[in-house]
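Residue numbers (the numbering used here): 5 to 276.
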Ligand code: PLP
């Protein structure tokens, strides 16, 4: 830790997610984001992807027993202050993560319900969507984008912000978790976000955060980075609203300055 920071100030944050070898999304984005928010980053890899900024060429999901071995190796030795869960791949992986969460009960669990990449490639087998739904009640915070929110509910995608908030309320009621509803997939000049919880855990059932839309084609890994940042901030602050207030300007800066990077010809990374 830098001078003046004791280990007590550095939350130990474990990302359980897939690898993006081009560094923009997945576990690579998670580790950069955890570091940017002052956490000690750890990574248990659920799946390997062969991908770059133009799309996903292949997915390899190692045996779930080996993911369990990674998770146990970490938690047998290291106190895990927060967990961020991203790409899971298939139902065996989901079962392994679920068993480990029930055993270890980490203090902060953020689930980014990754289903399909922006490029259109599936990152979770369709047959595993029901198993993902059963994992969600173990989350403290769920961070779906609007297509994922709709798919989790089995409803059409929200066409406007009020409809998105209604869907957020339904997912919060169903899971007991707090839901971060993200306006990034809506059209228009604003880009609001909201924290939604129906169990009385927030200062109001819906807490909205205004934001302006940042126009860039480099948005690869935005969701991964945001969910890891929230896990890290929450481990330190213990308050989702304060965490989102801290994280949002960082994410806006990473999007605004993404053009400074020259990484690939497709949907490039944000400047984590
Ligand atoms: N690759 C991995 C391993 C991911 O976990 C994710 C998203 O969570 C993506 C790719 C998708 O990134 P994007 O949709 O931002 O391009």
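The beta-carbon is built from N, C-alpha and C at its ideal position, and this holds for glycine as well.
Inter-residue CB distance, residue i and residue j (contact presumed, cutoff 8 Å)
i	j	result
residue 21	residue 90	3 Å
residue 14	residue 43	7 Å
residue 200	residue 163	About 18 Å separates the two Cβ atoms, so there is no contact after all.
residue 270	residue 53	Contact flag wrong, Cβ pair sits at about 14 Å.
residue 147	residue 244	Not really, about 11 Å apart at Cβ, beyond 8 Å.
residue 273	residue 225	5 Å
residue 40	residue 254	7 Å
Helix, strand or coil at residue i according to DSSP, with G and I counted as helix
i	result
residue 125	coil
residue 283	Because the chain is modelled from 5 through 276, residue 283 falls outside the range shown and cannot be assessed.
residue 179	helix
residue 120	strand
residue 234	helix
residue 155	helix
residue 14	coil
residue 32	helix
residue 174	helix
residue 260	helix
residue 245	helix
residue 185	strand
residue 112	coil
residue 106	helix
residue 239	helix
residue 133	helix
residue 55	strand
residue 69	helix
residue 75	helix
residue 161	coil
Residue i CB to nearest heavy atom of the ligand PLP below 8 Å
i	result
residue 226	yes
residue 91	yes
residue 116	yes
residue 182	no
residue 31	yes
residue 145	no
residue 94	no
residue 53	yes
residue 167	no
residue 56	no
residue 259	no
residue 122	yes
residue 267	no
residue 111	no
residue 235	no
residue 21	yes
residue 28	yes
residue 127	yes
residue 271	yes
residue 24	yes
residue 60	yes
residue 131	no
residue 223	yes
Sequence-distant residues of the same chain with beta carbon closer than 6 Å to residue i, five excluded per side
i	result
residue 114	88, 145, 231, 234 and 235
residue 110	84 and 87
residue 36	276
residue 127	91, 118 and 121
residue 220	259 and 262
residue 105	142
Close-in-space but distant-in-sequence residues of the same chain around residue i (CB under 8 Å, 5 per side omitted)
i	result
residue 103	72
residue 50	20, 21, 22, 65, 71, 90, 91, 92, 93, 97 and 101
residue 74	48 and 49
residue 194	187, 214, 215, 216 and 217
residue 203	176 and 180
residue 46	16, 17, 18, 19, 78, 82 and 84
residue 192	217
Close beta carbons around residue i, own chain, < 7 Å, minus the five adjacent residues each side
i	result
residue 198	169, 172, 185, 210, 211, 212 and 213
residue 26	55, 56, 57 and 268
residue 174	157
Cβ-heavy atom distance, residue i to the ligand ATP, below 8 Å
i	result
residue 220	Absence of the ligand ATP from the depicted structure is noted, with the ligand PLP being the only ligands included.
Three or more C-beta pairs closer than 8 Å, one from the segment 255 to 266 and one from the segment 49 to 65: is that the case here? no
Check whether the segment 86 to 100 and the segment 28 to 38 are in contact - that is, three or more C-beta pairs closer than 8 Å. yes
For the structure I just gave you, are there three or more beta carbon pairs, one from the segment 148 to 166 and one from the segment 262 to 271, closer than 8 Å? Flag = no, the segment 148 to 166 and the segment 262 to 271 do not touch.
Segment contact, 8 Å Cβ cut-off, at least three pairs: the segment 233 to 253 with the segment 205 to 214: yes
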